[in-house]
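In what follows, a single structure is set out as structure tokens and then discussed.
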Amino acid sequence: MSLIQCKSLVKQYVDKTVLHGLSFELETGSPIALVGPNGAGKTTLFSILCGYIRPTQGEVTIFGEKPGSSALFNRVSALPQDAQLDPRFSIQRQLMLFAQLQGFSKKQSKLEAERVLSLMQLSDSLKQKPAALSHGMRKRVAIAQALIGNPDLVLLDEPTAGLDPVNARNIRDIVHELAGETTFIISSHNLAELEQLCGTVLHLNDGHLQQQVDLTNSDGAEPQLAFLTVHMDKCSPDEFVNTVKTLNGVSAVTPSQKNHFVIDYNPINAPLLDQQLLRCIDENQWDYRQLIKGKTLEEQLFSN
Amino acid sequence: MSSFTATQNHMPPSDQLTGFLRSSWIIAQFELIRLFGTARGLLTLFTFAVIWYFMLTNLVMTAANFIEQNASTRMSTMMFNSSGFGQLLAWPIAEFSAYWRIALYLFPVFAVLFAADQTASDRDRGGLRFLTTRCSRDSIFLGRFIGQTIIVSFLVVGTLLTTLAVALYAHPAESWPMSFYCTLLIATNLLAVLMPYTAMMALLSASVRSPILAIILAVLLWTIVLWSVTALSEYYPAFDFVKYIIPGIQISDLTQLQPADTLSLIHIPLLQTAVLLIIGRFVMAKGAI
Numbered sequence: 031m032s033l034i035q036c037k038s039l040v041k042q043y044v045d046k047t048v049l050h051g052l053s054f055e056l057e058t059g060s061p062i063a064l065v066g067p068n069g070a071g072k073t074t075l076f077s078i079l080c081g082y083i084r085p086t087q088g089e090v091t092i093f094g095e096k097p098g099s100s101a102l103f104n105r106v107s108a109l110p111q112d113a114q115l116d117p118r119f120s121i122q123r124q125l126m127l128f129a130q131l132q133g134f135s136k137k138q139s140k141l142e143a144e145r146v147l148s149l150m151q152l153s154d155s156l157k158q159k160p161a162a163l164s165h166g167m168r169k170r171v172a173i174a175q176a177l178i179g180n181p182d183l184v185l186l187d188e189p190t191a192g193l194d195p196v197n198a199r200n201i202r203d204i205v206h207e208l209a210g211e212t213t214f215i216i217s218s219h220n221l222a223e224l225e226q227l228c229g230t231v232l233h234l235n236d237g238h239l240q241q242q243v244d245l246t247n248s249d250g251a252e253p254q255l256a257f258l259t260v261h262m263d264k265c266s267p268d269e270f271v272n273t274v275k276t277l278n279g280v281s282a283v284t285p286s287q288k289n290h291f292v293i294d295y296n297p298i299n300a301p302l303l304d305q306q307l308l309r310c311i312d313e314n315q316w317d318y319r320q321l322i323k324g325k326t327l328e329e330q331l332f333s334n
Numbered sequence: 004m005s006s007f008t009a010t011q012n013h014m015p016p017s018d019q020l021t022g023f024l025r026s027s028w029i030i031a032q033f034e035l036i037r038l039f040g041t042a043r044g045l046l047t048l049f050t051f052a053v054i055w056y057f058m059l060t061n062l063v064m065t066a067a068n069f070i071e072q073n074a075s076t077r078m079s080t081m082m083f084n085s086s087g088f089g090q091l092l093a094w095p096i097a098e099f100s101a102y103w104r105i106a107l108y109l110f111p112v113f114a115v116l117f118a119a120d121q122t123a124s125d126r127d128r129g130g131l132r133f134l135t136t137r138c139s140r141d142s143i144f145l146g147r148f149i150g151q152t153i154i155v156s157f158l159v160v161g162t163l164l165t166t167l168a169v170a171l172y173a174h175p176a177e178s179w180p181m182s183f184y185c186t187l188l189i190a191t192n193l194l195a196v197l198m199p200y201t202a203m204m205a206l207l208s209a210s211v212r213s214p215i216l217a218i219i220l221a222v223l224l225w226t227i228v229l230w231s232v233t234a235l236s237e238y239y240p241a242f243d244f245v246k247y248i249i250p251g252i253q254i255s256d257l258t259q260l261q262p263a264d265t266l267s268l269i270h271i272p273l274l275q276t277a278v279l280l281i282i283g284r285f286v287m288a289k290g291a292i
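The listed protein sequences derive, respectively, from chains A and B. Residues 31 to 334, numbered by the numbering used here, are exactly what the first sequence covers, in order. Residues 4 to 292, numbered by the numbering used here, are exactly what the second sequence covers, in order.
Shown next as structure tokens:
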């Protein structure tokens with residue numbers, strides 16, 4: 031099912047063009063990542079998709095409707111970056127308001143507010159006002175509001191930024207669990223996190239769509255060439271490269287980051303290279319931390 | 004079933020108008036809770052009550068005494084007429100006469116102050132972003148306006164009832180029906196007079212990110228537009244009608260009318276309100292939030 035269609039989307043401010051003719055199409059399903067450096071236009075794209083701002087040119091539709099259209103109420107929700115709840119009201123009161131606006135009765139809205147807060151492990155904060163919560167807790171409340179009424183699409187702008195590791199993991203678990211019924215679009219700088227969660231990645235850079243990567247399609251490489259990524263521990267890089275290069279089917283071994291290596295190989299000649307590599311590691315009494323079939327998201331997006 | 008399933012399935016209102024009105028009313032109710040259900044709102048109300056108490060005892064009652072004492076002499080009547088206050092004597096009860104004149108000039112200020120923050124702070128905080136994925140900007144705009152109109156109406160009715168109590172206490176036997184008539188007449192008039200001010204603040208609040216800025220803009224714009232329109236109509240009398248865009252332009256005329264005639268100008272503020280709301284609606288719809 032078509033989720034989002036963007037055609038030649040341009041957003042221009044007085045002195046700057048933030049989005050330069052973005053065109054892409056996304057389907058419902060597994061979570062979608064939106065990545066790119068600061069100033070790439072991620073939040074601007076989010077704001078257009080949520081109807082907060084209008085594009086200067088181009089067309090965008092969500093479920094076939096224009097952003098902000100009443101047909102999208104209850105279907106699309108968002109965690110807006112830096113938006114704050116009203117400091118005068120308790121968390122419960124505000125979430126009840128949101129739920130009531132989505133069609134819940136007063137009694138149902140109270141239960142719904144409790145439900146989404148319990149998802150975020152914030153049931154104890156129900157009666158508190160935003161000022162009494164830490165930054166991370168306020169962020170989780172803002173995510174909770176996006177889950178009211180189980181919308182079809184949830185846009186999360188940097189959902190785990192500023193959260194401690196335990197709560198960041200909780201957010202990832204929730205996204206993973208809800209991914210069957212809700213499509214998430216997640217903007218984040220944490221590529222490892224996005225790699226765990228997402229099936230599609232949109233890479234923005236300087237307002238241009240740099241690439242659209244389908245992570246479910248192995249690593250996107252041609253059939254004649256496959257990759258293994260290995261994170262070694264206590265091993266001489268030169269020795270590792272020289273040794274692994276001699277394995278059957280390996281065409282190149284490239285060090286990426288500290289103790290990380292990307293191995294290019296021919297899967298037809300060496301369909302079980304991963305097992306060969308583990309034996310090689312064992313024989314040389316090296317130690318490894320992680321072995322990944324394919325390239326990491328970071329490698330896919332930023333290598334070459 | 005997943006633990007993340009919604010508490011209960013719900014259907015969004017199918018009829019768009021019903022949905023729009025429902026959302027607007029929910030937003031309006033939340034504005035009322037903001038005033039009557041929060042500590043800060045109650046403090047604001049208490050402050051207003053204290054100010055009104057001093058105004059009632061020092062302004063309204065004193066003025067009422069003055070009017071009563073001078074209403075019977077011919078010399079005083081001539082003095083009132085010559086100074087433009089002749090219609091003060093037209094009201095059957097002096098307390099209402101004083102209240103009418105004071106409220107006409109003072110309550111617009113209260114309306115501007117109370118209604119200044121309809122959407123400005125929320126826009127600055129990003130709070131509107133939580134709302135616009137659930138209801139239209141029109142609902143927010145109209146809902147906040149309705150909420151503020153109810154609040155301003157509450158202030159008018161509250162102060163009028165205290166004036167009524169004073170009038171009934173001062174004239175216990177003779178003036179009950181007349182007092183209620185005056186209360187109703189003034190309430191209707193004042194609610195109409197104040198609506199364009201609330202609508203003006205809805206418009207200005209939709210244009211800026213601070214209620215203080217909205218108030219400053221209101222004062223500046225009102226002054227500049229009044230000055231410009233006065234100058235324009237002086238040099239080009241054909242453009243005299245332009246003055247009717249200014250909220251409160253009919254107030255000086257209202258003070259010169261017999262009580263029974265005061266509703267004859269009610270169309271002016273109602274039309275001004277409609278125009279300001281339509282402009283405000285477009286500002287709200289077009290702006291970034």
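Glycine included, each C-beta is placed from N, C-alpha and C at the ideal position.
Once you ignore the five residues that flank residue i on each side, which residues in its own chain have a CB closer than 7 Å to its CB?
{"i": "L93 of chain B", "result": "In the sequence under discussion, the amino acid at residue 93 of chain B is Ala, which differs from the Leu named in the question. Only Q261, P262 meet the Cβ criterion."}
{"i": "T86 of chain A", "result": "V40, K41, Q42"}
{"i": "A282 of chain A", "result": "D294"}
{"i": "L194 of chain B", "result": "S156, V159"}
{"i": "C310 of chain A", "result": "T273, V274, L277"}
{"i": "S5 of chain B", "result": "Below a pLDDT of 50, predicted positions are generally treated as unreliable, and S5 of chain B, at 38, falls in that range; the measurement from the model is reported next regardless. If we look at S5 of chain B and ignore the five residues flanking it on each side, it has no Cβ neighbours."}
Apart from the five residues just before and just after residue i, which ones in its own chain have a Cβ nearer than 8 Å to its Cβ?
{"i": "S178 of chain B", "result": "P95, I96, A170, L171"}
{"i": "T233 of chain B", "result": "K246"}
{"i": "G166 of chain A", "result": "G192, L193, D194, N197"}
{"i": "I248 of chain B", "result": "V228, V232, Q275, V278"}
{"i": "D112 of chain A", "result": "none"}
Looking at the strands, I want to know which residues DSSP matches up with residue i.
{"i": "T65 of chain B", "result": "Looking at the DSSP assignment, T65 of chain B forms no beta bridge with any residue, so it has no partner."}
{"i": "E89 of chain A", "result": "A:K37"}
{"i": "M262 of chain A", "result": "A:Y318"}
{"i": "I62 of chain A", "result": "A:I215, A:T230"}
{"i": "V184 of chain A", "result": "A:S107, A:F214"}
{"i": "S26 of chain B", "result": "DSSP, once it has assigned bridges, lists no residue as partnering S26 of chain B."}
{"i": "K137 of chain A", "result": "None, per the DSSP bridge assignment."}
{"i": "A256 of chain A", "result": "A:Y295"}
Compare the C-beta of residue i with all C-beta atoms of chain A and state if any pair is closer than 8 Å.
{"i": "I292 of chain B", "result": "yes"}
{"i": "I29 of chain B", "result": "yes"}
{"i": "F117 of chain B", "result": "no"}
{"i": "Q261 of chain B", "result": "no"}
{"i": "L274 of chain B", "result": "no"}
{"i": "F183 of chain B", "result": "no"}
{"i": "T41 of chain B", "result": "yes"}
{"i": "G22 of chain B", "result": "yes"}
{"i": "S267 of chain B", "result": "no"}
{"i": "F285 of chain B", "result": "no"}
Step through the CB atoms of chain B and report whether any lies within less than 8 Å of the CB of residue i.
{"i": "L115 of chain A", "result": "yes"}
{"i": "F270 of chain A", "result": "no"}
{"i": "G69 of chain A", "result": "no"}
{"i": "R309 of chain A", "result": "no"}
{"i": "F76 of chain A", "result": "no"}
{"i": "F119 of chain A", "result": "yes"}
Which whole-angstrom value is the C-beta distance of residue i and residue j, which I expect to be below 8 Å?
{"i": "D187 of chain A", "j": "P110 of chain A", "result": "6 Å"}
{"i": "T201 of chain B", "j": "F148 of chain B", "result": "6 Å"}
{"i": "Q35 of chain A", "j": "T91 of chain A", "result": "5 Å"}
{"i": "P189 of chain A", "j": "I178 of chain A", "result": "No, P189 of chain A and I178 of chain A are not in contact; Cβ-Cβ is about 16 Å, not under 8 Å."}
{"i": "S32 of chain A", "j": "G94 of chain A", "result": "7 Å"}
{"i": "A114 of chain B", "j": "A217 of chain B", "result": "Not confirmed; about 13 Å, so no contact."}
{"i": "L115 of chain A", "j": "H233 of chain A", "result": "That pair is no contact at about 32 Å."}
{"i": "A205 of chain B", "j": "A118 of chain B", "result": "7 Å"}
{"i": "A108 of chain A", "j": "V146 of chain A", "result": "A108 of chain A to V146 of chain A, Cβ: 14 Å. No contact."}
In its own chain, which residues sit with a C-beta less than 6 Å from the C-beta of residue i, not counting the 5 before and 5 after it?
{"i": "G146 of chain B", "result": "S27, I30, A31"}
{"i": "H290 of chain A", "result": "H261"}
{"i": "L24 of chain B", "result": "none"}
{"i": "L221 of chain A", "result": "L327, E328"}
Any C-beta of chain A within less than 9 Å: which residues of the segment 119-137 of chain B qualify? S124, D125, R128, G129, G130, L131, R132, F133, L134, T135, T136, R137
Given a limit of 7 Å on CB to CB distance, which residues of the segment 126-139 of chain A reach chain B? L127, F128, Q130, L131, Q132, G133, F134, Q138
By the 7 Å beta-carbon criterion, what residues does the segment 165-195 of chain A contribute toward chain B? So the close ones are Q175, G179, N180.
Can you pull out the residues from the segment 83-115 of chain A whose beta carbon lies closer than 7 Å to at least one beta carbon of chain B? I83, G98, S100, F103, N104, V106, S107, A108, P110, D112, A113, Q114, L115
Positions along the segment 143-155 of chain B whose CB lies within less than 9 Å of some CB in chain A: none
Interface residues of the segment 199-225 of chain A facing chain C [CB-CB below 7 Å]: Protein chains in the displayed structure are A and B, and chain C is not among them.
So if I threshold CB-CB distances at 7 Å, which residues from the segment 201-228 of chain B count as touching chain A? Within the segment 201-228 of chain B, not one residue has a Cβ closer than 7 Å to any Cβ of chain A.
If contact means a Cβ-Cβ distance below 8 Å, which residues of the segment 237-248 of chain A contact chain B? none
Which residues, in order along the segment 40-63 of chain B, keep a beta-carbon less than 9 Å from a beta-carbon of chain A? Cβ contacts with chain A: G40, T41, A42, R43, G44.
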